[in-house]
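Top to bottom, those sequences are chains C and Z.
Quick note on our numbering: the first sequence kicks off at 45 and runs consecutively.
Quick note on our numbering: the second sequence kicks off at 11 and runs consecutively.
Every residue gets a Cβ at the ideal spot worked out from N, C-alpha and C, and that includes glycine.
In what follows, a single structure is set out as structure tokens and then discussed.
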Amino acid sequence: DAEITQSPRHKITETGRQVTLACHQTWNHNNMFWYRQDLGHGLRLIHYSYGVQDTNKGEVSDGYSVSRSNTEDLPLTLESAASSQTSVYFCASSENRLGGGYTFGSGTRLTVV
Amino acid sequence: AQKVTQAQTEISVVEKEDVTLDCVYETRDTTYYLFWYKQPPSGELVFLIRRNSFDEQNEISGRYSWNFQKSTSSFNFTITASQVVDSAVYFCALNALGSSNTGKLIFGQGTTLQVKP
């Protein structure tokens, strides 16, 4: 069965370190997204991609970067982790830009100390 | 601008009570989709329903029902005879292309539902 997987599930890192969160999907979806979830804010979009070599900034992109070298993967990098980036991160993919079913990963809980 | 508002931050009910979770959205698009997701304590996001802007029929699925009203830009979710297992965070979300043709999924802030035995 097709799936979307995130790794690691939990991560503790120190302020200032570079961290990469992995997202891998086997749905063959062109569209992939990274969200962060914080209490009181719901899920907010960090970056998204509509295909290989395509990446776009979301509403909370400062301090984050992504790259899309193939259809299956969209890794999220925190260039220099900050305590404000402690959050739960969700990766998602979708078949279409409009109305497509969205599939979410299980989330990565990142703590920056 | 596109926006989803879930004004109820937390709701607490006693088992078997009915409860309605409110969702108000904003978009200038005429074609759009609305979603509800459930996030149980285990943390994953569970898809509940997708509704397109041209289908205003109410939807019922077991104890769950959804009321879509374009006139008030609302897409409310009702749980009938709530159960403890319904305790979760519920998110309403909007998918519309917008002027920039980017079909992002925009979430509301979420409503935490606690169902007490």
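Determine the DSSP secondary structure at residue i, reduced to helix, strand or coil.
i, result
"Ser127(C)", "helix"
"Thr82(Z)", "helix"
"Asp65(Z)", "coil"
"Val156(C)", "strand"
"Val104(C)", "coil"
"Asp82(C)", "strand"
"Val94(Z)", "helix"
"Ala136(C)", "strand"
"Asp39(Z)", "coil"
"Asp117(C)", "strand"
"His73(C)", "coil"
"Val96(C)", "coil"
"Leu89(C)", "strand"
"Thr59(C)", "coil"
"Leu115(Z)", "strand"
For residue i, go through chain Z and note every residue whose CB falls closer than 8 Å to its CB, in chain order.
i, result
"Arg80(C)", "Within chain Z, no residue comes near Arg80(C); the closest Cβ sits about 11 Å away, beyond 8 Å."
"Asn100(C)", "Thr112"
Cβ closer than 7 Å: which chain Z residues qualify as neighbours of residue i?
i, result
"Tyr146(C)", "Leu115"
Based on the DSSP output, what are the partners of residue i in its beta bridges?
i, result
"Thr19(Z)", "BP columns for Thr19(Z) are empty, so no partner."
"Cys67(C)", "Gln50(C)"
"Cys102(Z)", "Trp46(Z)"
"Ser75(Z)", "Ile70(Z) and Thr88(Z)"
"Thr30(Z)", "Thr88(Z)"
"Thr121(Z)", "Tyr100(Z)"
"Val110(C)", "Leu120(C)"
"Arg60(Z)", "Phe45(Z)"
Residue i versus chain C: which residues are under 7 Å apart at the beta carbon?
i, result
"Gly108(Z)", "Chain C residues near Gly108(Z): none, gap ~10 Å exceeds 7 Å."
"Asn105(Z)", "Leu142 and Gly143"
Does the beta carbon of residue i sit closer than 8 Å to a beta carbon anywhere in chain Z?
i, result
"Leu89(C)", "yes"
"Gly86(C)", "yes"
"Ser165(C)", "In the structure as shown, chain C begins at 45 and stops at 157. Residue 165(C) is therefore absent and cannot be evaluated."
Using a Cβ-Cβ distance cut-off of 8 Å, determine whether residue i contacts chain C.
i, result
"Phe101(Z)", "yes"
"Glu54(Z)", "yes"
"Gln119(Z)", "yes"
My guess is that residue i and residue j are in contact by the Cβ rule of under 8 Å, so how many angstroms apart are they, rounded?
i, j, result
"Asp28(Z)", "Ala91(Z)", "7 Å"
"Ile59(Z)", "Leu123(Z)", "Rounded, the Cβ-Cβ distance is 16 Å, inconsistent with contact."
"Trp78(C)", "Tyr133(C)", "7 Å"
"Ala126(C)", "Thr64(C)", "No, Ala126(C) and Thr64(C) are not in contact; Cβ-Cβ is about 15 Å, not under 8 Å."
"Tyr92(C)", "Gly107(C)", "Actually they do not touch by this definition, with Cβ atoms about 16 Å apart."
"Phe87(Z)", "Leu44(Z)", "Actually they do not touch by this definition, with Cβ atoms about 10 Å apart."
Which residues of chain C have a Cβ atom closer than 8 Å to the Cβ of residue i, listed in chain order?
i, result
"Ile41(Z)", "A small fix is needed here, since residue 41(Z) is Thr in this sequence, not Ile. Going along chain C in sequence order, the residues near Thr41(Z) (Cβ under 8 Å) are Leu142."
"Asn62(Z)", "Gly143"
Whose Cβ in chain Z lies nearer than 9 Å to the Cβ of residue i?
i, result
"Tyr92(C)", "Thr112 and Lys114"
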